[in-house]
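Trainee: Listed in order, the protein sequences are those of chains A and B.
Counting from 3, one number per residue, gives the positions in the first sequence under our numbering.
Counting from 50, one number per residue, gives the positions in the second sequence under our numbering.
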Amino acid sequence: DAKTTQPTSMDCAEGRAANLPCNHSTISGNEYVYWYRQIHSQGPQYIIHGLKNNETNEMASLIITEDRKSSTLILPHATLRDTAVYYCIVSVNFGNEKLTFGTGTRLTIIP
Amino acid sequence: ETGVTQTPRHLVMGMTNKKSLKCEQHLGHNAMYWYKQSAKKPLELMFVYSLEERVENNSVPSRFSPECPNSSHLFLHLHTLQPEDSALYLCASSQYRGSNTEAFFGQGTRLTVV
């Protein structure tokens, strides 16, 4: 699986959009970009994933650059409950046993 | 609620005890996973089961013994653990190697070995 690079931590004001970047310059053509988050002491929560096109669901939007070497997860109106560690993962699918979680970005929403 | 349920949520056990962690999924997935998350460390994949057969064992000590009796249930049997095995143990499920798949995690079992 391609390696990802994320900032260690970020702050965002409550009510503003939180934009979390991820670099994956060695991504292969058939690898998806997945985002998960983990709120303190809970299991990781699936957020969104995409291959090439931008994706949106009820939780977030995923913007993937045209060359697919980086992506941005957007939480449109951050709330205090969005404080968590956010993981960007690149893999052909989750069923790949070589899929690994890195250290992620610790996002803190500031009141 | 993710559709993946783990029990118990918290467990304290002595080093000579035997206990089991249970995971159950009702998502129709055919693969289940055990992960370990120690304090301030990334998630570590321990075991992968697909169609009830183990397909991956990431050099996990034999004091951890997984069991997958059917595609909906996964167990992790524990015996003679060490204090350094204290961690959050997470179960996940997905479609195995299907394209465009995602996994869903349980809430985890917080294990403390004393």
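Note that the Cβ used here is the ideal one computed from N, Cα and C, for glycine as well.
As an exercise, report each continuous beta strand (DSSP E) stretch of at least 3 residues that is fully enclosed by the stretch 15 to 76 of chain A, in chain order.
Mentor: Complete beta strand (DSSP E) runs here, min 3: 20 to 25, 34 to 40, 47 to 52, 63 to 66.
Trainee: According to DSSP, what are the bridge partners of residue 99(B)?
Mentor: Bridge partners of residue 99(B): 80(B), 102(B).
Trainee: Rounding to the nearest angstrom, what Cα-Cα distance links residue 27(A) and residue 68(B) in this structure?
Mentor: Rounded to the nearest angstrom, the two C-alpha atoms are 44 Å apart.
Trainee: Just the chain B side, please: which residues come within less than 8 Å of residue 44(A) by C-beta, in chain order?
Mentor: 156, 157, listed in chain order.
Trainee: Tell me residue 53(B)'s beta-bridge partners as DSSP assigns them.
Mentor: In DSSP, residue 53(B) forms a bridge with 74(B).
Trainee: Across which residues does DSSP place residue 13(A) in a beta bridge pair?
Mentor: DSSP output for residue 13(A) lists 110(A) as bridge partner(s).
Trainee: Considering only DSSP beta bridges, list what residue 135(B) is partnered with.
Mentor: Residue 135(B) pairs with nothing; no bridge assigned.
Trainee: Identify the contact partners of residue 66(B) in chain A, using a Cβ-Cβ distance below 7 Å as the criterion.
Mentor: Correct list: empty, because the minimum Cβ distance to chain A is about 23 Å.
Trainee: Residue range of the beta strand (DSSP E) that residue 62(B) falls in?
Mentor: That run of the beta strand (DSSP E) goes 59 to 62.
Trainee: Name the two residues that bound the continuous beta strand (DSSP E) containing residue 89(A).
Mentor: Start and end: 86 to 93.
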